[in-house]
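S.K.:
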Amino acid sequence: MKKNLLKLVLRRFLISCLMIFLLIVAVFFMMHLLPGEPFQQYYSPRLGNELAEQIKSKFGFDRPVSVQLLKWMRNILSGDFGFSIVYQKPVIVLISESIIVTLSISLSSFILQILLTIPSGLFLLKHAGKKIDFIIDKLALIIYSAPSFVVAIVLIYFGSILTNLFPSSQLFSYNYYEMTTTQKFFDLMHHLILPILTLTITSMSFSIRYLRQNLIEASNQDFVVALRASGIPENILRKNHILPNALISYITILGLEIGSLLSKTLITEMVFSLPGIGRLMVDSIFSRDYPVIVACVMISSLMVIFGNLIADLLISRFNPKSSYELVS
Amino acid sequence: MKRPFLFSFLFGILVFIIISCKSEKDLNEFKPVYGGNLFIAIKNDIDFFNPLYSNDFYSGLINDLIFGALTYSEFNSDSGKLIYYPNLAKDWEISDDKKSIIYFLKTNLKWSDGVKFSSKDVYYSYILYTNPEVMSVRQDVERFFIHDVDGKLNPYKSFQILNDSTIKFNFSFSVEDPLFVTGLPILPEHIFIKIQKDKILTDEINTKPVGIGPFKLENYLRQQQIVLVRNDSAYYDRIPFIEKLVFKVVPDYNSRLNQLKNGEIDLMTDIRPEDAEILKNKFNYIRIEAITGRDYDYIGWNNLDNYALSKSKFKIIKPHPLFGDKEIRLALSMAINRQEILNGYFGEFANPAISPISPIFKNFLNLNLKPIPFNPLEAKKIFQKKGWKDTDGDGIIDKNGIPFRFKLTIPSGKPHREFAATIVKNDLKKIGIDVEIERLENSLFFSNLFERKLDAWIAGWTIPLDLDLEGFWGSDLNKNFFNVCGYQNPEVDKIFEQLKKANSFEEKRNLIFKFQEIIYSDQPVTFLYWIDNIIGYNKKLKNVNFNPVAYTNRIWEWFIAQ
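Taken in order, these protein sequences are the chains called A and B.
If you read the first sequence in our numbering, its first letter stands for residue 3, the second for the next number, and so on.
If you read the second sequence in our numbering, its first letter stands for residue 2, the second for the next number, and so on.
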């Protein structure tokens with residue numbers, strides 16, 4: 003069993019490395035094929051593009067793409083992600099500043115989503131076919147079909163504009179640097195409630211329906227029917243037999259959810275003006291800040307691959323049979 | 002004779018009493034108070050806390066509050082001129098031939114780190130601005146100063162320290178406005194001298210500024226906020242009433258607008274006309290003001306055959322098959338109802354543009370030129386005269402088998418240009434011209450524009466305060482990168498050469514008048530409108546006086562009513 007797991011991890015690691023390498027090479031070339039120019043900010047009516055060309059050459063962006071790629075790869079091995087053209091800062095500094103924001107929003111909403119989805123799923127199973135089940139199911143469908151920014155705008159309207167309970171943007175209050183650590187924490191929480199709720203609600207809209215469906219299917223399986231017939235109480239059946247069975251596929255979805263969380267975080271960060279990795283990536287794409295784009299792609303692909311790996315490991319933990327299938 | 006005099010005298014006293022009472026009331030009502038924070042929303046983050054490199058509107062604005070210049074300038078709407086006031090310099094003397102200027106600096110000023118300000122700072126600042134190794138975006142200022150025979154700037158002859166508080170600038174020719182040329186923000190010598198010149202661009206000083214201005218940087222959080230706190234009287238002699246300025250970075254327009262409505266921010270610029278009306282009518286605590294500035298929109302017609310140009314790597318220059326003829330361009334201008342765009346989108350917040358000289362430059366605006374009338378019939382006649390007729394009956398005019406069909410490219414996400422493009426398309430359709438509107442993402446749009454790949458487009462420029470427009474209209478396409486429509490006219494080039502040597506106001510005015518006449522007759526582009534910057538601010542903010550130079554003009558006089 004352990005050997006299989008190790009094999010699985012090793013295999014996935016090697017495949018992941020190859021995938022990231024190919025992805026980066028593709029992104030690197032595609033980015034340079036993309037029309038547009040990161041040095042437009044240095045254009046001026048009097049200097050024309052002279053200064054832009056000078057700075058381009060200073061950063062080595064006038065060299066062939068293949069040379070730039072090799073240099074970038076050599077640097078990456080020594081932990082150097084390059085230098086941002088727009089921010090004039092090492093990319094690693096930008097990434098580390100932004101990733102904390104993204105991870106705190108996405109992980110909080112991820113955990114909150116799990117904590118809310120499982121009891122809600124069991125509740126819906128209990129009330130399957132009733133009015134409340136119908137209402138929640140349709141509501142979840144509506145939220146799922148709406149883009150996440152719509153959810154964000156609705157929350158801003160009710161939470162900020164109408165009731166003035168929460169700030170509609172930013173990560174901290176303007177004077178956070180004058181606060182004590184405890185005050186800072188509460189201030190951060192106050193600012194993050196709406197973004198976290200946005201992500202949680204949008205993610206839950208899918209997972210709750212998915213889990214509900216799986217729970218209903220599991221509750222109709224032959225062994226459950228047999229156990230039910232043998233007189234085992236329904237609540238024990240749900241907890242010990244139906245839920246573990248339904249959870250296996252839910253966990254797979256959760257793993258994939260990690261990857262999509264990042265794309266949802268991206269929109270949330272834009273709407274709430276949060277300096278996360280999503281916003282950094284979008285801004286960098288618009289300004290053609292090549293070194294930042296590549297680093298962001300690398301980080302986000304790592305997050306997706308890592309999410310999938312965790313999902314696989316969890317599945318093999320819950321369903322040992324599946325680890326053989328995954329390895330083979 | 003006495004009675005009317007007595008009557009007038011008494012009436013005068015009465016008027017005086019009424020006015021005095023009113024002023025007294027205003028003064029009591031709006032008594033300036035120290036303290037309070039002002040929250041301003043900005044749509045993008047600052048690029049550099051360093052005037053050597055900052056090239057963006059908000060960055061310039063914020064840097065001007067942190068770094069002072071020798072003089073402080075503001076635009077006088079009545080005279081249409083820049084007026085200069087002492088700032089880091091207490092006085093100045095311009096030589097009769099306008100080939101030099103001496104500044105007498107204030108001796109009581111200190112940088113925000115406590116080091117005394119002196120003429121060495123001014124000298125070193127200009128060394129940095131003009132040194133190519135530094136790669137400053139303002140390095141073009143060197144063209145005014147003295148150069149050696151090898152063409153390199155001679156800093157010793159150009160900038161002379163006379164003593165600790167006196168500095169002299171020498172120019173290579175008579176400069177019409179020496180105060181403008183020497184008006185760049187001053188940098189601390191004791192900080193920058195420690196940094197290698199070619200390393201300044203990437204140094205951390207670009208996020209930790211040391212300056213002398215009404216405010217200093219207290220906190221900066223990338224993509225979040227810039228907090229400026231007022232400078233202490235021990236460092237700078239102009240103390241603002243407002244304690245802190247908080248610039249909140251909010252990229253989304255609707256979020257900024259909502260924050261203005263719910264009081265999270267106190268001031269926002271670039272409000273759309275339709276929202277300005279709503280704010281004006283429904284939010285009684287918000288005041289709306291519009292500044293006519295230096296931004297205009299135009300329809301660019303590529304004057305040159307861009308295909309031949311790019312194919313031959315700028316060797317073959319021939320007129321554009323559709324827009325190469327100035328009469329055709331004039332007809333296009335006549336066929337477009339600009340007033341409809343103004344009425345339909347901007348309302349009172351824009352003025353029709355006739356030439357690239359803003360109406361705020363009253364002394365330089367050639368009032369003999371009237372807006373090109375909307376006259377589709379006349380436009381049609383011109384097209385017919387030039388051989389453009391609908392020969393195949395498909396509703397589109399053609400000549401030698403080529404239909405008059407083109408793409409009008411606009412940058413995406415600009416509702417006013419979207420609106421204008423639709424009007425243009427509809428108007429031109431009426432005279433048999435087929436227009437396809439193409440929307441491009443901003444970076445891609447400008448990339449294609451500067452590579453001269455576009456046939457027709459709608460864009461906008463901001464004109465410089467010194468009205469140096471050669472970069473936009475000079476014939477040398479390699480040198481004048483912003484002449485994206487490829488306009489070439491030797492007469493205009495001659496004017497630009499003469500403007501460089503013009504040392505009197507009258508001479509400059511006459512030349513700019515002539516320039517406008519030529520541009521008007523050549524119609525290299527169709528000038529659309531001068532756009533007002535619509536600013537909304539909370540009425541608790543008092544004594545506000547916006548200026549076309551910067552909306553934070555005299556911010557030290559603003560205060561927040563308690």
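Built from N, CA and C at the ideal position, the CB exists for glycine as well.
From a predicted model like this one, the values you see are computed outputs, not experimental measurements.
Compare the C-beta of B/M269 against all C-beta atoms of chain A and say whether one is closer than 8 Å.
M.R.: Along the second sequence, read from residue 1 onward, the residue named residue 269 of chain B stands at position 268. So no, B/M269 is outside the interface.
S.K.: If I measure Cβ to Cβ from B/K121 and keep anything under 6 Å in the same chain, skipping five residues before and after, which residues do I get?
M.R.: Numbered from 1 along the second sequence, position 120 holds the residue referred to as residue 121 of chain B. So the qualifying residues of the chain are E190.
S.K.: Mind listing the chain A neighbours of B/Q517? Cutoff is C-beta to C-beta under 7 Å, in chain order.
M.R.: As a working mapping, residue 517 of chain B is identified with position 516 in the second sequence. Under the 7 Å cutoff, chain A gives no residues; its nearest Cβ is about 18 Å from B/Q517.
S.K.: If we cut at 8 Å on Cβ distances, does A/L53 have a partner in chain B?
M.R.: Along the first sequence, one-based indexing puts residue 53 of chain A at 51. Taking Cβ atoms only, chain B reaches closer than 8 Å to A/L53, which makes this a yes.
S.K.: List, in chain order, every chain B residue whose beta-carbon is nearer than 8 Å to that of A/V294.
M.R.: As a first step, residue 294 of chain A must be located in the first sequence, where it is residue number 292. Those do not exist, as A/V294 stays about 12 Å from chain B at its closest Cβ, beyond 8 Å.
S.K.: Since B/N259 meets chain A, which of its residues come closer than 8 Å, beta carbon to beta carbon?
M.R.: Position 258 of the second sequence, counted from the start, is the residue given in the question as residue 259 of chain B. Result: I158, S162, I163, S170.
S.K.: Starting from B/D523, follow the alpha helix (DSSP H) in both directions and report where the run begins and ends.
M.R.: Looking up residue 523 of chain B in the second sequence gives position 522. Here the alpha helix (DSSP H) through B/D523 covers 506–523.
S.K.: Answer yes or no: does any C-beta atom of chain B fall closer than 8 Å to that of A/G38?
M.R.: Residue mapping note: residue 38 of chain A aligns to position 36 of the first sequence, counting from 1. Chain B contact via Cβ: present.
S.K.: Which stretch, first to last residue, makes up the beta strand (DSSP E) that contains A/D224?
M.R.: Here residue 224 of chain A refers to the residue found at position 222 of the first sequence. Run containing A/D224: none in the beta strand (DSSP E); it sits in the alpha helix (DSSP H), 224–231.
S.K.: Exposed or buried, what is B/T553 when buried is set at 16 or more other beta-carbons lying within 10 Å of its beta-carbon?
M.R.: If you number the second sequence from 1, residue 553 of chain B lands on position 552. Result: buried.
S.K.: Taking any Cβ of chain B, which residues in the stretch 67–88 of chain A have a Cβ under 8 Å from it, in chain order?
M.R.: Correct list: F85, V88.
S.K.: What beta strand (DSSP E) runs, 3 residues minimum, are completely inside the stretch 293–334 of chain B?
M.R.: Segments of the beta strand (DSSP E) lying fully in the stretch 293–334 of chain B: there are none.
S.K.: Check whether the Cβ of B/P357 lies closer than 7 Å to any heavy atom of the ligand GTP, and answer yes or no.
M.R.: Annotation note on the ligand GTP: not contained in the displayed structure, which lists no ligands.
S.K.: Helix, strand or coil for B/V228, going by three-state DSSP, please let me know.
M.R.: Numbered from its first residue, the second sequence carries residue 228 of chain B at position 227. It is a strand residue.
S.K.: Taking 8 Å as the CB-CB limit, is A/R211 close to chain B?
M.R.: Start at 1 with the first residue of the first sequence, and residue 211 of chain A comes out as number 209. No, A/R211 does not count as interfacial toward chain B.
S.K.: How about B/P156 and B/N544: do their beta carbons lie closer than 8 Å?
M.R.: Residue numbering aside, residue 156 of chain B sits at position 155 when the second sequence is read from its first letter. Residue numbering aside, residue 544 of chain B sits at position 543 when the second sequence is read from its first letter. Contact: no.
S.K.: Please confirm if B/N56 has its CB atom under 8 Å from at least one CB of chain A.
M.R.: Position 55 of the second sequence holds residue 56 of chain B. Cβ-Cβ to chain A under 8 Å: yes for B/N56.
S.K.: Is the CB of B/K543 under 8 Å away from at least one CB in chain A?
M.R.: On the second sequence, position 542 is the one that residue 543 of chain B refers to. No, because no Cβ of chain A sits closer than 8 Å to the Cβ of B/K543.
S.K.: Rounded to the nearest angstrom, what separates B/E439 and B/I300 at their Cα positions?
M.R.: As a working mapping, residue 439 of chain B is identified with position 438 in the second sequence. As a working mapping, residue 300 of chain B is identified with position 299 in the second sequence. Spanning the two alpha carbons is a distance of roughly 14 Å.
S.K.: So within the stretch 92–162 of chain A, which uninterrupted alpha helix (DSSP H) runs reach at least 4 residues, ignoring any that extend past its ends?
M.R.: Listed in chain order, the complete alpha helix (DSSP H) runs (minimum 4 residues) inside the stretch 92–162 of chain A are 93–128, 133–147, 150–158.
S.K.: Would B/E507 be called buried (16 or more neighbouring beta carbons within 10 Å of its own) or exposed?
M.R.: On the second sequence, residue 507 of chain B is found 506 positions in, with the first residue counted as 1. Exposed is the call here.
S.K.: Using C-beta distances below 8 Å, list every residue in its chain close to B/Q226, excluding the 5 sequence neighbours before and after it, in chain order.
M.R.: For the purposes of this step, residue 226 of chain B is identified with residue 225 of the second sequence, where counting begins at 1. So the qualifying residues of the chain are N220, V247, F248, K249, V250.
S.K.: Name the two residues that bound the continuous beta strand (DSSP E) containing A/L282.
M.R.: If you number the first sequence from 1, residue 282 of chain A lands on position 280. Segment 279–289 is the alpha helix (DSSP H) holding A/L282; no beta strand (DSSP E) there.
S.K.: For A/T182, count neighbouring C-beta atoms within 10 Å of its own C-beta (all shown protein chains included) and say buried if the count is 16 or more, exposed if not.
M.R.: For this step, residue 182 of chain A is matched to residue 180 along the first sequence. So A/T182 ends up on the exposed side.
S.K.: Flag this pair as yes or no: are the beta carbons of A/V88 and A/H34 separated by less than 8 Å?
M.R.: Indexing the first sequence from 1 puts residue 88 of chain A at position 86. Indexing the first sequence from 1 puts residue 34 of chain A at position 32. No, these two residues do not count as a Cβ contact at 8 Å.
S.K.: What did DSSP end up calling B/K387 once you bin it into helix, strand or coil?
M.R.: Taking the second sequence and counting its residues from 1, one reaches residue 387 of chain B at position 386. Of the three classes helix, strand and coil, the one that applies to B/K387 here is coil, per DSSP.
S.K.: Quick one: Cα of A/S110 to Cα of A/I198, how far?
M.R.: One-based indexing of the first sequence puts residue 110 of chain A at position 108. One-based indexing of the first sequence puts residue 198 of chain A at position 196. Cα-Cα distance, rounded: 7 Å.
S.K.: In the DSSP assignment, find the unbroken beta strand (DSSP E) run with B/I411 in it and report its ends.
M.R.: By 1-based counting over the second sequence, the position of residue 411 of chain B is 410. Here the beta strand (DSSP E) through B/I411 covers 406–412.
S.K.: What's the gap between the Cα of B/I535 and the Cα of A/I269?
M.R.: Residue 535 of chain B sits at position 534 when you count from the first residue of the second sequence. Residue 269 of chain A sits at position 267 when you count from the first residue of the first sequence. Each residue's Cα considered, the two are about 28 Å apart.
S.K.: Would you say B/N88 reaches chain A, if we count a Cβ-Cβ gap shorter than 8 Å as a contact?
M.R.: Indexing the second sequence from 1 puts residue 88 of chain B at position 87. It does not: the Cβ of B/N88 has no partner Cβ on chain A nearer than 8 Å.
S.K.: Look up B/F269 in the DSSP assignment and give the residues it is bridged to.
M.R.: Residue numbering aside, residue 269 of chain B sits at position 268 when the second sequence is read from its first letter. According to the sequence displayed, residue 269 of chain B carries Met and not Phe. Answer by DSSP bridge pairing, in chain order: B/G537.
S.K.: For B/A380 and B/Y86, what's the separation of their Cα atoms in angstroms?
M.R.: Along the second sequence, one-based indexing puts residue 380 of chain B at 379. Along the second sequence, one-based indexing puts residue 86 of chain B at 85. Cα to Cα, B/A380 sits roughly 50 Å from B/Y86.
S.K.: Taking 8 Å as the threshold, find out whether the stretch 308–317 of chain A comes into contact with the stretch 182–194 of chain A through three or more Cβ pairs.
M.R.: Flag = no, the stretch 308–317 of chain A and the stretch 182–194 of chain A do not touch.
S.K.: Is there at least one Cβ from chain B nearer than 8 Å to A/P277's Cβ?
M.R.: Counting from 1 along the first sequence, the entry for residue 277 of chain A is found at position 275. By this cut-off, A/P277 is an interface position.
S.K.: Across which residues does DSSP place B/G214 in a beta bridge pair?
M.R.: Stepping through the second sequence from its first residue, residue 214 of chain B is reached at position 213. Answer is none; B/G214 lacks a bridge partner.
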